[in-house]
Structures are given as C-alpha cells and as structure tokens.
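Student: Right, I'll just put the structure down here and ask away after.
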Amino acid sequence: METRFRYRRRLRRLAPSVGRAAVLALALWMTAMLWGCGRGLPSGKPPIHINPNMDDQEKYKPQGMSRFFADSAAMRPPVPGTVARGNLRGETAYYEGKDASGAFLARVPIPVDMLLLQRGRERFDIYCSPCHSRVGDGRGIMIQRGYVPPPSFHSDRIRQMPDGQIFDVITHGVRNMPSYAHQIPTPDRWAIVAYLRALQRSHNATREDIPAEDRGKIRRAGQ
Ligand code: HEC
C-alpha cells in the first residue's frame, strides 16, 4: 500500500515533462515526414532548392540540342583553319622532315649537340631497341620472340637514307613497323635520328675518327 502510493506520487510529478517530451517527439516526427514527402514521389517540377549554390546552370551538354543554331546542334565545329594551341605546324621541314619541294631533308634541321644525342640515346633505348636492339643490328628482344626482323641500321641502304626519311619512318611507320608519332614527340624524334646517325658512325669508324693523340693507344686486331 505504502509503495503504490509513492509510485503514484512520483508519476504525477513526472507527468508534465513526459507530456512535453511526447509533443516534441511528435513535432520532430512530423517534420521528418514532411521533409521526406518530396522524395520518391514522381514530380515534373524541380525539387525545392533552398540554396542552389550553382548546382544548376544554364549549359549545353555534349551532343545536346540547341534551339539557337539552325542545325540544332549545340556542339559547334571549329572555324575552318582553326589551330589548337601548341599545334601550329608552320615549319614543314621540322614537322615533316621534308623541304618545300617535298624531298626528305638530308640533315637534322636543329643543332646537334651532346645533350640532343644523349636524349636521343635514352629515347632510342626505350622505343627502338626492343626491335632494332641497342646497337641497331635489328636483333632486339621482339625479334628473338618472333617479330618480323627489321634491317640492320648498319646496312648501306639505311646509312645512305636522308635524315628526313628516318624521321618519316618514326612518324608514319613503314610496312611492318608501326608509327611512333603518338609516343614520341617531334623534338625527340629528331634526337633519335641524330643518335641513330652516331650509332651508324660508331660501327663504321676509321682511324681518322679517333683524335690524333689517342691513335697510338689502339692495337691492331690480333695483337
Ligand atoms: C615493333 C618493332 C619495331 C620498333 C619498336 C621499331 N621498329 Fe623500326 N622497323 C621495324 C621493322 C619490322 C622494320 C622493317 C619494316 C619492313 O620493311 O617491313 C623496321 C624498319 C625500320 C627502318 C628502315 C625503314 C626502311 O625503309 O627500310 C628504320 C630507319 C627504322 N625502322 C627506325 C626505327 C626507329 C628510329 C625506331 C624507334 C623510334 C624504330 N624503328 C622502332 C620494327 C620496329
């Protein structure tokens, strides 16, 4: 009897705060329900966006339609003759390895120095040696694994090729050799040509190619 009485008294004291909590919970629940109303219900209207924050902008999407242009295409072709930045190929000799009459250049059209040759060796070893080998004899690893054998760079035919033609072979490929224009940018192609010439020279060197003061140091074969 005593305990029941105490229990009731405690309940009475709690009642107002329980009521307030219930009202608050109900209010929260209703807010949540109203908030969620828009979601999942199909509607043709755009959702209410309190802070647009540049989420929606007037723009055309790729391949989209435009009512402004007569052909209805939102994507416009560039004006004829447009050149993308950095793609102006004004000098035919430099970019094609040919002179104005269309003949291959005899020599690399840029100054050849040690830096260019070093760059050429590095690029050659990366891009050409898998087939042509590091010494250019045409017996690279790809050939040992069954690829079509290329000619040796030390053959007379390739030694007599103009520099512009070798540049052209790297740019466009030739018969069984693919083009390397996409992997090797123009300046590097010239660096490779310059290095290829040095490689050929190294295989056909004469006594006169050795500086006079060093000639005494070489021994004849068999000595
Ligand atoms: C995937 C293998 C492969 C790579 C890599 C390769 N070549 Fe070749 N190259 C060949 C083959 C094969 C031929 C012979 C093409 C033919 O006559 O069918 C050839 C031929 C050549 C020729 C002679 C062209 C002619 O008219 O006979 C030159 C010069 C040459 N390559 C230079 C290069 C240079 C420089 C590189 C590096 C940028 C290079 N190649 C990279 C396979 C390759």
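So in numbering that gives the first Met the number 0, spot 114 of the sequence shown is number 113, and the numbers just go up one at a time.
We treat Cβ as the ideally placed atom computed from N, Cα and C, and that holds for glycine.
Could you check how far apart the C-beta atoms of Ile191 and Arg122 are, in whole angstroms? I think they sit under 8 Å.
Tutor: Contact holds; Cβ gap of about 5 Å.
Student: Mind checking Trp34: buried by the 16 CB within 10 Å criterion, or exposed?
Tutor: Flag for Trp34 reads exposed.
Student: Looking at the structure shown, is Ala24 part of a helix, part of a strand, or coil, going by DSSP?
Tutor: In the structure shown, Ala24 sits in a helix (DSSP, three-state: H, G or I).
Student: Leu104 and Pro161 look like a contact to me (Cβ under 8 Å); what is the Cβ gap, rounded to whole Å?
Tutor: Rounded, the Cβ-Cβ distance is 6 Å, consistent with contact.
Student: How is Phe123 classed by DSSP in three states: helix, strand or coil?
Tutor: Of the three classes helix, strand and coil, the one that applies to Phe123 here is helix, per DSSP.
Student: Taking 7 Å as the threshold (C-beta atoms), are Cys130 and Pro149 in contact?
Tutor: Cβ distance < 7 Å, so Pro149 and Cys130 count as in contact.
Student: Between Asp124, Gln182, Met74, which has its C-alpha nearest Pro61's C-alpha?
Tutor: Residue Met74 is the option with its Cα nearest to Pro61.
Student: Rounded to whole angstroms, what is the Cα-Cα separation between Ile165 and Gly172?
Tutor: Cα-Cα distance, rounded: 10 Å.
Student: By a C-beta neighbour count over all protein chains shown, 10 Å radius and 16 as the cutoff for buried, is Leu25 buried or exposed?
Tutor: That one is exposed.
Student: If Tyr126 sits next to Tyr179, beta carbons under 8 Å apart, how far is it from one beta carbon to the other, in whole angstroms?
Tutor: Correct: roughly 6 Å between the Cβ atoms.
Student: Quick check: what's the CA-CA separation for Gln182 versus Asp213?
Tutor: Answer to the nearest angstrom: the Cα atoms are 40 Å apart.
Student: Taking the C-alpha atoms as reference points, what is the distance between Arg12 and His48?
Tutor: Approximately 45 Å between the Cα atoms of the pair.
Student: Assuming Thr170 and Arg156 are in contact, meaning their beta carbons sit under 8 Å apart, how far apart are those beta carbons, in whole angstroms?
Tutor: With 8 Å as the limit, Thr170 and Arg156 do not qualify as a contact, their Cβ atoms being about 19 Å apart.
Student: What do you reckon, is the C-beta of Arg200 under 6 Å from a heavy atom of ligand 1?
Tutor: Every heavy atom of ligand 1 is 6 Å or more from the Cβ of Arg200, so no.
Student: Take the Cβ of Gly96 as the centre, count every other Cβ of all protein chains shown within 10 Å, and call the residue buried at 16 or more, exposed below.
Tutor: Under this definition Gly96 is a buried residue.
Student: Going by CA-CA distance only, name the one from Arg218, Pro210, Asp136 that's closest to Leu198.
Tutor: Answer by Cα proximity: Asp136.
Student: Which residues bound the alpha helix (DSSP H) around Asp155?
Tutor: Start and end: 155-158.
Student: For ligand 1, is there a heavy atom less than 6 Å away from the beta-carbon of Pro149?
Tutor: Within the cutoff, so yes.
Student: Starting from Val82, follow its DSSP beta bridges and name the residues at the other end.
Tutor: Answer by DSSP bridge pairing: none, since Val82 is not bridged.
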